[in-house]
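The letter at position 286 of the sequence shown is residue 276 when you use our numbering, and the numbering goes up by one with no holes. Inspection log for the structure reproduced underneath, given as structure tokens.
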Amino acid sequence: KGVPLSQAWDWTPCGCVETNLEGRLKSYTDIGEISMGGVVDMVMTNGRSRKTGEQISIQTGDPRDFKTFDDFMAAIKKQISYFVHTMATMNSYLDYLSENYRPVPALSLTYPNCMVTGKDYANGGAEFNVGNGINIIGQADIINSVADVKYLVYDEKKLTMDELCKALDANFEGYEDIQKMCMDAPKYGNDDPKADFCAGEIYNYLVDEIEQYDSPFGKLTAGMLPVSGNVPIGQSVGALPSGRYAWTPLADGIGATGGTDVNGATALLKSISHLPHARFTQGTQMNLKIDPKLLEGEQGLRNMMVMLKTQCSLDIYHTQYNIIDPEVLVDAQVHPEDHKDLLVRVAGYTAFFVELGKDIQNDIIQRTEIKKWA
């Protein structure tokens, strides 16, 4: 990005989970989101919205005609490319509007280089300028869906693509046996290569696509920090091969879909280490809910320290924790007056639990509670 290493070491956390150089770097973290669950949805519907029937994305072919897993993966990549192109086009308009109609003089006063040059932050007055960020949502949804299609349709041949498409079209109603097969297939978050194999390929391809687009301030950048956007964005995504019902929240952060990671904290960390964290320069967001009993006594704290060191050795950029009994969260929904001081980590920020919307509360409650280290 053109930043000397001596200055890059002097970075600061910014916003929720973003990286920055205090008073030296210009970059808007999130100019829009790409729903990876939506990518899969568009492949399975050939670009049509399940809600309206409208053609809202490119046609990548009827999935029933995909003879091999490579055909299916090629369609996934085509949809990713289209989503990225759409975001890059939108960014060009936003850059133009920002440069010409949205100066930020107060912010510019905090940037020494803006003061020296007399150039506003919005016009590239910072010492270093980086392309804006595109935020990626629904990591586990695409990884699990791609893995399930490979495992169930192409490898084990437990399903035909036609059977899977019919089940998704019906939101699994009347196809509960197929949904169970999808849910029982290998899942991201368990250190299982049958599920994790595609994470690196998909997300390196995604960043390659994003970085091919230039802007007046540099190549566009990527981040995986959904905050709580997985909840509303899921409302526009149909049923997925992962076994997820239509219109429900997408997976939280870069972690596993709630309830599907069953092999403990270290297995979860090993799965998410397959993502190319260093390439997501706007940051990545990992939420963990840990059973308070795991931290009891000196050994519990030592285990926590070991897990944090493991995270660093695996080049995982970010984790944050809720160490709260789930029963307390449930009771707080029923009796909010008794829990006005209950603080939780939502997604890069802390909030009073009882002040959150019901959908966000439910999303926090359904996150897998880690009950064992390994």
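Using N, Cα and C, we set each Cβ at its ideal position, and we do this for glycine too.
Query, Result
"Own chain partners of Pro3 with C-beta closer than 8 Å, once the 5 adjacent residues on each side are dropped", "Thr9 and Asn10"
"Straight-line Cα distance separating Gln49 from Ser71", "12 Å"
"For Leu15 and Asp389, the rounded distance between their alpha carbons", "Residue coverage of the chain in this structure runs from -9 to 364, which leaves residue 389 outside it and unanswerable."
"Under the three-state DSSP convention, the category Leu259 falls into", "helix"
"Contained beta strand (DSSP E) runs [length at least 3] in the stretch 284 to 331, N- to C-terminal order", "310 to 312"
"Where the beta strand (DSSP E) containing Ala212 begins and where it ends", "Thr211 to Gly213"
"Proximity winner among Lys41, Gln356 and Tyr311, relative to Ala337 (alpha-carbon distances)", "Tyr311"
"N-terminal and C-terminal residue of the alpha helix (DSSP H) that Phe342 is part of", "Per DSSP, Phe342 belongs to no alpha helix (DSSP H); it is in the beta strand (DSSP E), Thr340 to Phe342."
"Burial state of Cys302, where buried means 16 or more other Cβ atoms lie within 10 Å", "exposed"
"Every unbroken alpha helix (DSSP H) within the stretch 52 to 111, with a cutoff of 4 residues, ordered by chain", "59 to 91, 95 to 98 and 102 to 107"
"Whether His264 touches Ala189 by CB criterion (8 Å)", "yes"
"Among Val74, Leu332 and Cys104, the one whose alpha carbon lies nearest that of Asp204", "Val74"
"Exposure of Met105, with buried meaning 16 or more beta-carbon neighbours within 10 Å", "exposed"
"Spatial neighbours of Ala212 in its chain, beta-carbon cut-off 6 Å, leaving aside the 5 residues before and after", "Ile124, Val197, Ile200 and Phe270"
"8 Å contact criterion, which Pro21 and Leu84 should meet: CB distance rounded", "The amino acid occupying residue 21 in the given sequence is Ile; Pro does not appear at that position. Between Leu84 and Ile21 the Cβ distance is about 5 Å, and since that is below 8 Å, they are a contact."
"Beta-carbon gap between Tyr235 and Phe162 smaller than 8 Å", "yes"
"Cβ pair count under 8 Å reaching 3, the stretch 148 to 158 against the stretch 212 to 221", "no"
"Nearest candidate by alpha-carbon position, reference Ala130, set Glu345, Gln275 and Met34", "Gln275"
"Where the beta strand (DSSP E) through Lys170 begins and ends", "No beta strand (DSSP E) holds Lys170; the alpha helix (DSSP H) holding it covers Glu166 to Asp174."
"Through-space distance from Val(-7) to Trp(-1), alpha-carbon basis", "10 Å"
"Extent of the continuous beta strand (DSSP E) run through Asn277", "Asn277 to Ile280"
"Lys57 versus Asn103, Trp1, Ser98 and Val143, residue with shortest Cα-Cα distance", "Val143"
"Opposing strand residues paired with Cys4 [DSSP bridges]", "Glu8"
"Span of the beta strand (DSSP E), counted from its first residue to its last, around Leu346", "Counting along the chain, Leu346 falls outside any beta strand (DSSP E), and DSSP gives it neither H nor E."
"Entirely enclosed alpha helix (DSSP H) segments - the stretch 174 to 244, minimum 4 residues", "183 to 186, 189 to 201 and 220 to 224"
"Boundaries of the beta strand (DSSP E) in which Val252 is found, first to last residue", "Note, Val252: premise wrong, no beta strand (DSSP E); not H, not E."
"Within 8 Å, strictly: CB atoms of Asn253 and Asn180", "yes"
"Option in Asn103, Asp331, Ile313 and Ser261 with minimal Cα separation from Asp186", "Ser261"
"Where the alpha helix (DSSP H) containing Ile133 begins and where it ends", "Gln129 to Asp138"
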